[in-house]
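Enquirer:
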Amino acid sequence: EDQVTQSPEALRLQEGESSSLNCSYTVSGLRGLFWYRQDPGKGPEFLFTLYSAGEEKEKERLKATLTKKESFLHITAPKPEDSATYLCAVQPTTSGTYKYIFGTGTRLKVLA
Amino acid sequence: DTAVSQTPKYLVTQMGNDKSIKCEQNLGHDTMYWYKQDSKKFLKIMFSYNNKELIINETVPNRFSPKSPDKAHLNLHINSLELGDSAVYFCASSQGSGGAREQFFGPGTRLTVL
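First to last, the protein sequences are chains A and B. With the numbering used here, letter number 3 in the first sequence gets 3, and the count goes up by one each step, no holes. So the numbering used here is basically just the index in the second sequence, starting at one, shifted up by 1000.
1) Taking one C-beta from the region 1036 to 1053 of chain B and one from the region 1083 to 1090 of chain B each time, how about it: are there three or more such pairs within less than 8 Å?
2) For A:A112 and A:T76, what's the separation of their Cα atoms in angstroms?
3) Using the Cα positions of A:V4 and A:V27, report the straight-line distance between them to the nearest angstrom.
4) Helix, strand or coil for A:P119, going by three-state DSSP, please let me know.
5) Taking only beta-carbon atoms, is A:Q3 less than 8 Å away from chain B?
6) Counting only beta-carbon separations shorter than 8 Å, does B:K1040 have a partner in chain A?
7) For a contact defined as C-beta to C-beta under 8 Å, what are the partners of A:T94 on chain B?
8) Identify each residue in the region 1009 to 1030 of chain B for which the Cβ-Cβ distance to at least one residue of chain A is less than 8 Å, and report them in chain order.
9) Taking the alpha carbon of A:G43 as the reference point, which residue from A:T106, A:Y100, A:T85 has its own alpha carbon closest?
10) Apply the 10 Å Cβ neighbour rule to A:E45 and answer buried if 16 or more other Cβ atoms are within range, or exposed otherwise.
11) At which residue ranges does the region 1034 to 1077 of chain B contain complete beta strand (DSSP E) runs of 3 or more residues, listed in the order of the chain?
12) Contact between the region 18 to 26 of chain A and the region 62 to 77 of chain A: three or more CB pairs below 8 Å?
13) Just reading off the beta strand (DSSP E) that A:N22 is part of, what are its end residues?
14) Secondary structure at A:T106, three-state DSSP: helix, strand or coil?
15) Would you mind working out which of A:P8, A:C88, A:S52 sits nearest A:K68, comparing C-alpha positions?
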C-alpha cells in the first residue's frame, strides 16, 4: 500500500539553528514528490516538486532532496517566519495522475 | 487575485442537516479536488475531477456528492451531516495530466457539526 510518513511530528528550533525534516515514502512507482507549507487557518502552499532520486531544489532557506525511499527538507538558519506545518505528498504512478497521498506533517516552531 | 476560493470559511450546523461548500478557481486549471483534513492535520483526498468528469472517489460515504458545473467550479454537498464530518475541507486545483503537477489549495472551510 502506498504510504507517506513524516518525522518528527513537531520540531522546535532556535533562530539560526539549522535542521532537517524527513519524509519517508513507500510507493510502487513515483510520479512526483511535493513539499507544501501550511500556516494555521490556511490552505497548504506549494514549495517544491521532486521527480527522481538525486534531485535537489532550493528556495531561500529551504532545500529539498530526494532518494528512492525518502525526501529531506533542510532548513538553513531558520527565522521565526519559517514556523509552519510542512507537508510532504507523493503522486504514485499506479493511481493515474489525479491521486496524491499526504503525510501528517511536521509542525515547525522557530523561536526568536 | 484569489487563485482558489471557497465559501463559506466557517460552517456550524446541527446533525442531520444538509449543507454545501462552494469552490472556484481562476487559474484556468482543468483538474479540481476535495480534501478532508482531520484534527490531526491529516489531509486525505476525497474526490478528483478532470474537465468536469469524476476521476477519483476515495471511499467517501454517499452522503457526500460533488458537482462540477464547469472546469472552474467544484461544489461539495453533504447530506444528513454527522458528528464525524466535522473537519476542515479544502478545495484544490492543478493543471494537466500525464505528469506530476503541483496543487493549489483554497483557504479551507471549517465544518463543525453539533
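A virtual CB, placed ideally from N, CA and C, is assigned to each residue, including glycine.
Expert: With the structure as the only source:
1) yes
2) Counted from its first residue, the first sequence places residue 112 of chain A at position 112. Counted from its first residue, the first sequence places residue 76 of chain A at position 76. Approximately 15 Å between the Cα atoms of the pair.
3) Along the first sequence, one-based indexing puts residue 4 of chain A at 4. Along the first sequence, one-based indexing puts residue 27 of chain A at 27. C-alpha separation (whole angstroms): 9 Å.
4) Nothing can be reported for residue 119 of chain A, as the shown portion of chain A is limited to 1 through 112.
5) Taking the first residue of the first sequence as 1, we reach residue 3 of chain A at position 3. Answer no: the Cβ-Cβ gap between A:Q3 and chain B never drops below 8 Å.
6) Position 40 of the second sequence holds residue 1040 of chain B. Yes - at least one Cβ of chain A is within 8 Å of the one on B:K1040.
7) Along the first sequence, read from residue 1 onward, the residue named residue 94 of chain A stands at position 94. In chain order: nothing, as chain B lies at least about 13 Å away.
8) none
9) Here residue 43 of chain A is taken as the residue at index 43 of the first sequence, counted from 1. The shortest Cα separation from A:G43 among A:T106, A:Y100, A:T85 belongs to A:T85.
10) Residue 45 of chain A sits at position 45 when you count from the first residue of the first sequence. Burial call: exposed.
11) 1043 to 1050, 1053 to 1057, 1064 to 1070
12) yes
13) Translated into the one-based positions of the first sequence, residue 22 of chain A becomes position 22. Taken as a continuous stretch (DSSP letters only), the beta strand (DSSP E) holding A:N22 covers 19 to 26.
14) Locating residue 106 of chain A in the first sequence gives position 106, where the first residue counts as 1. Secondary structure of A:T106 (DSSP, three-state): strand.
15) Position 68 of the first sequence, counted from the first residue, corresponds to residue 68 of chain A. Across the set A:P8, A:C88, A:S52, the C-alpha of A:S52 shows the shortest separation from the C-alpha of A:K68.
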